[in-house]
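Asks: The following block contains the structure, expressed as structure tokens.
Protein chains: 2
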Amino acid sequence: MTRKPRDRTKTRSIPRVPIPAIGEGKRGQAGHLGYLLRQAANGQRRRMDQALAAVGLTHPQFLVLTMVRAYPGCSNADIARLTMLTPQTVHAMITVLLHKGLISRQPNPVHGRILNIELTNAGRELLGRGRARALAVESDLQGALKDAEMVIVRRWLVSVARGAPSHDGELPTPPPQ
Amino acid sequence: MTRKPRDRTKTRSIPRVPIPAIGEGKRGQAGHLGYLLRQAANGQRRRMDQALAAVGLTHPQFLVLTMVRAYPGCSNADIARLTMLTPQTVHAMITVLLHKGLISRQPNPVHGRILNIELTNAGRELLGRGRARALAVESDLQGALKDAEMVIVRRWLVSVARGAPSHDGELPTPPPQ
DNA sequence: CGCGTCATATCAGTACACGAATATAATCTT
DNA sequence: AAGATTATATTCGTGTACTGATATGACGCG
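Just so you know, the protein sequences line up as chains A and B, in that order.
To get our numbering, take the position in the first sequence, counting from 1, and add 1.
To get our numbering, take the position in the second sequence, counting from 1, and add 1.
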């Protein structure tokens, strides 16, 4: 059934370019920070997609369902702000989820343009099944990080998400006035 | 020219869902780690795209050009491994860059299937102009992180990119045998 | 009232990014 | 030599995710 793996070190009659392995050189901790961030997010997205594929959801779809669950009756624009995505992007996912019958929309009784979004029973059920898998992947993300380290990582992620190079204060939240 | 901004706090005759601001509740450091990671990577991608739009490059295109510059003569498959993307995804970007005349390909003299990729003069020139802008965005990424904190963040990112929950050792690099 | 501004939802087009599948070349095993 | 396996490049279809543009409803001000 399982053959012996090819010895790749001897297959070098072909002139090739030396490529570092995954932990070496620029591919390790010495690499560009943006490069590392990209790969980390990419890997997480991949693992989440794999975990959610069993229930027939992609990870952005799961994200939208989670938002609707947390904020029932929210609008397309609300979700866009919550997820930091454009309204167009959210619209595409909303369309898919509507077609799948996982969410429903009702015109806002007062505002004639807003459509309030709710989970259907099917959506609630599917989201519940996905949550167990997603949380398992999520917990792996913590790795062996100690609590003190986790605080540093979280604070850095928030500052990067916000886009401001400053991250001195604890949850700056500039006052509205 | 500029009107007085609308007072959004008084526009609440419409029944709406209370949505937390960007630093509050689950949208801050208390949020799910995967959620924070996603938003951080998303923001960085956005800023990089904006910075590179001035030279007519997307950030994945810039990434591929950078790889070809670092490893001249590499193949499509090499780039896929370097970027941790699938060969199909890389193929799409390679096609665009070929069409733009920024890279060129030569059949490998020995292996009849491999196509060696090189930067053209135009590609080298454009990449040079993009690098300055990209590095500026990259440097903002560091924020006010101290060196010791940076080590923690980098190590965590590598462990997440690798996918293994363990990050105890310093660059584990599991032995081939 | 009427005009300007803003928010919302949507359409169109472009560019990633994936899984699945195909075709071909090179290599390994028997 | 023949068959199996691997690597490479490619095509196809689906699903994000963006910019740009359009249409409409709600609100503010003169």
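In this text, a Cβ means the ideal position worked out from N, Cα and C, and glycines have one as well.
Going by DSSP, name the residue or residues bridged to glutamate 119 of chain A.
Replies: Here residue 119 of chain A refers to the residue found at position 118 when the first sequence is read from its first residue. The partner list for glutamate 119 of chain A (beta bridge, DSSP) reads A:Ser105.
Asks: Glutamine 40 of chain A touches chain B at which residues, Cβ-Cβ below 7 angstroms?
Replies: By 1-based counting over the first sequence, the position of residue 40 of chain A is 39. Correct list: Met85 and Ala162.
Asks: Enumerate, from N- to C-terminal direction, the unbroken alpha helix (DSSP H) stretches of 4 or more residues contained entirely within the region 44-86 of chain A.
Replies: Correct list: 60-71 and 77-84.
Asks: What's the C-alpha gap between proline 21 of chain A and methionine 94 of chain B?
Replies: Taking the first residue of the first sequence as 1, we reach residue 21 of chain A at position 20. Taking the first residue of the second sequence as 1, we reach residue 94 of chain B at position 93. Going by the C-alpha atoms only, they are around 22 angstroms apart.
Asks: Considering only residues of the same chain and omitting the five flanking positions on each side of leucine 58 of chain B, which have a CB-CB separation below 6 angstroms?
Replies: Here residue 58 of chain B refers to the residue found at position 57 of the second sequence. Result list for leucine 58 of chain B: Gly131, in chain order.
Asks: Please work out which residues of its chain come closer than 8 angstroms, Cβ to Cβ, to arginine 7 of chain A, disregarding the five sequence neighbours upstream and downstream, and give them in chain order.
Replies: Mapped onto the first sequence, residue 7 of chain A falls at position 6. Residue confidence for arginine 7 of chain A is low, a pLDDT of 48 falling below 50, so the modelled location carries little weight and cannot support an answer.
Asks: When Cβ atoms are compared, which residues of the region 44-65 of chain B fall closer than 9 angstroms to chain A?
Replies: So the list reads Gly44, Gln45, Arg46, Arg47, Arg48, Met49, His60 and Leu64, given in the order they occur along the chain.
Asks: If distances are taken between C-alpha atoms only, which option among A:Asp148, A:Leu146, A:Glu139 and A:Ile153 comes closest to alanine 149 of chain B?
Replies: What you label residue 149 of chain B is simply residue 148 of the second sequence in a count that begins at 1. Among A:Asp148, A:Leu146, A:Glu139 and A:Ile153, the Cα nearest to that of alanine 149 of chain B is on A:Ile153.
Asks: Let's test the definition: count the other Cβ atoms within 10 Å of the Cβ of glutamine 160 of chain A and tell me whether it reaches 16, buried, or not, exposed.
Replies: Here the question's residue 160 of chain A lines up with position 159 in the first sequence. According to the sequence as given, residue 160 of chain A is serine; it is not glutamine. Under this definition serine 160 of chain A is a buried residue.
Asks: Could you give the residue range of the alpha helix (DSSP H) that holds proline 95 of chain B?
Replies: What you label residue 95 of chain B is simply residue 94 of the second sequence in a count that begins at 1. At residue 95 of chain B the sequence reads isoleucine, which differs from the proline that was named. Looking at the DSSP string, the run of the alpha helix (DSSP H) that includes isoleucine 95 of chain B is 88-100.
Asks: Put valine 159 of chain A into one of helix, strand or coil per three-state DSSP.
Replies: The sequence position of residue 159 of chain A within the first sequence is 158, counting from 1. Helix at valine 159 of chain A.
Asks: Is there at least one Cβ from chain B nearer than 9 angstroms to glutamate 150 of chain A's Cβ?
Replies: Residue 150 of chain A sits at position 149 when you count from the first residue of the first sequence. It does: the Cβ of glutamate 150 of chain A has a partner Cβ on chain B nearer than 9 angstroms.
Asks: Is there contact here, the region 46-57 of chain B with the region 125-142 of chain B, by at least three beta-carbon pairs under 8 angstroms?
Replies: Yes, since at least three Cβ pairs between the region 46-57 of chain B and the region 125-142 of chain B fall closer than 8 angstroms, the two stretches touch.
Asks: Output yes if chain B places a C-beta closer than 9 angstroms to the C-beta of alanine 135 of chain A; else output no.
Replies: Position 134 of the first sequence, counting from 1, holds the residue named residue 135 of chain A. Yes - at least one Cβ of chain B is within 9 angstroms of the one on alanine 135 of chain A.
Asks: Judging by CA-CA distance, which residue of B:Ala162, B:Leu83 and B:Trp157 is the nearest neighbour of lysine 147 of chain A?
Replies: Taking the first residue of the first sequence as 1, we reach residue 147 of chain A at position 146. Nearest C-alpha to lysine 147 of chain A: B:Trp157.
Asks: Quick test of your reading: leucine 120 of chain A and valine 69 of chain A, contact by CB under 8 angstroms. State the CB separation rounded to the nearest angstrom.
Replies: Position 119 of the first sequence, counting from 1, holds the residue named residue 120 of chain A. Position 68 of the first sequence, counting from 1, holds the residue named residue 69 of chain A. Indeed they touch by this definition, with Cβ atoms about 5 angstroms apart.
Asks: Exposed or buried, what is glycine 44 of chain B when buried is set at 16 or more other beta-carbons lying within 10 Å of its beta-carbon?
Replies: Translated into the one-based positions of the second sequence, residue 44 of chain B becomes position 43. Glycine 44 of chain B is buried by the Cβ-count criterion.
Asks: At the level of alpha carbons, what is the spacing between proline 19 of chain A and alanine 71 of chain B?
Replies: Counted from its first residue, the first sequence places residue 19 of chain A at position 18. Counted from its first residue, the second sequence places residue 71 of chain B at position 70. So the two alpha carbons sit approximately 11 angstroms from each other.
Asks: Thinking C-beta only, is serine 105 of chain B closer than 9 angstroms to isoleucine 118 of chain B?
Replies: In the second sequence, counting from the first residue as 1, residue 118 of chain B sits at position 117. In the second sequence, counting from the first residue as 1, residue 105 of chain B sits at position 104. Their beta carbons are under 9 angstroms apart, which means isoleucine 118 of chain B touches serine 105 of chain B by this criterion.
Asks: One question on the structure: do leucine 37 of chain A and glycine 35 of chain B come within less than 9 angstroms of each other, judged by their Cβ atoms?
Replies: Along the first sequence, one-based indexing puts residue 37 of chain A at 36. Along the second sequence, one-based indexing puts residue 35 of chain B at 34. No, these two residues do not count as a Cβ contact at 9 angstroms.
Asks: Given a cut-off of 9 angstroms, decide if valine 111 of chain B and threonine 84 of chain B are closer than it, judged by their beta-carbon atoms.
Replies: Taking the first residue of the second sequence as position 1, residue 84 of chain B is located at position 83. Taking the first residue of the second sequence as position 1, residue 111 of chain B is located at position 110. Not in contact: threonine 84 of chain B and valine 111 of chain B (Cβ atoms no closer than 9 angstroms).
Asks: Determine, using beta carbons only, whether arginine 155 of chain A comes closer than 9 angstroms to chain B.
Replies: Residue numbering aside, residue 155 of chain A sits at position 154 when the first sequence is read from its first letter. Yes, its Cβ sits closer than 9 angstroms to a Cβ of chain B.
Asks: Assign glycine 102 of chain A to one of two classes, buried (16 or more other C-beta atoms within 10 Å of its C-beta) or exposed (fewer than that).
Replies: The count along the first sequence starts at 1 and reaches residue 102 of chain A at position 101. Label assigned to glycine 102 of chain A: exposed.
Asks: How about proline 108 of chain B: is its C-beta nearer than 9 angstroms to some C-beta of chain A?
Replies: Along the second sequence, one-based indexing puts residue 108 of chain B at 107. Proline 108 of chain B does not count as touching chain A.
Asks: Within the 9 angstroms Cβ cut-off, does histidine 33 of chain A reach chain B?
Replies: For this step, residue 33 of chain A is matched to residue 32 along the first sequence. Yes, contact with chain B.
Asks: Flag this pair as yes or no: are the beta carbons of alanine 42 of chain A and alanine 42 of chain B separated by less than 9 angstroms?
Replies: For this step, residue 42 of chain A is matched to residue 41 along the first sequence. For this step, residue 42 of chain B is matched to residue 41 along the second sequence. Contact flag set, yes.
Asks: Within 10 angstroms of the Cβ of glutamine 40 of chain A, are there 16 or more other Cβ atoms? Answer buried if so, exposed if not.
Replies: As a position in the first sequence, residue 40 of chain A is number 39, starting the count at 1. It is buried - the Cβ of glutamine 40 of chain A has at least 16 other Cβ atoms within 10 Å.
Asks: So, does the CB of arginine 82 of chain A fall closer than 9 angstroms to a CB anywhere in chain B?
Replies: Taking the first residue of the first sequence as 1, we reach residue 82 of chain A at position 81. So, interface residue.
Asks: Using the beta-carbon count (16 or more within 10 Å), is serine 140 of chain A buried or exposed?
Replies: Position 139 of the first sequence, counted from the first residue, corresponds to residue 140 of chain A. When all chains shown are included, serine 140 of chain A counts as exposed.
Asks: In angstroms, rounded to a whole number, what distance separates the CA positions of valine 91 of chain A and asparagine 77 of chain A?
Replies: Taking the first sequence and counting its residues from 1, one reaches residue 91 of chain A at position 90. Taking the first sequence and counting its residues from 1, one reaches residue 77 of chain A at position 76. One C-alpha to the other measures close to 7 angstroms.
Asks: Between the region 119-145 of chain A and chain B, which residues of the former have a C-beta closer than 7 angstroms to a C-beta of the latter?
Replies: Residues passing the 7 angstroms Cβ filter: Glu139, Asp141, Leu142, Gln143, Gly144 and Ala145.
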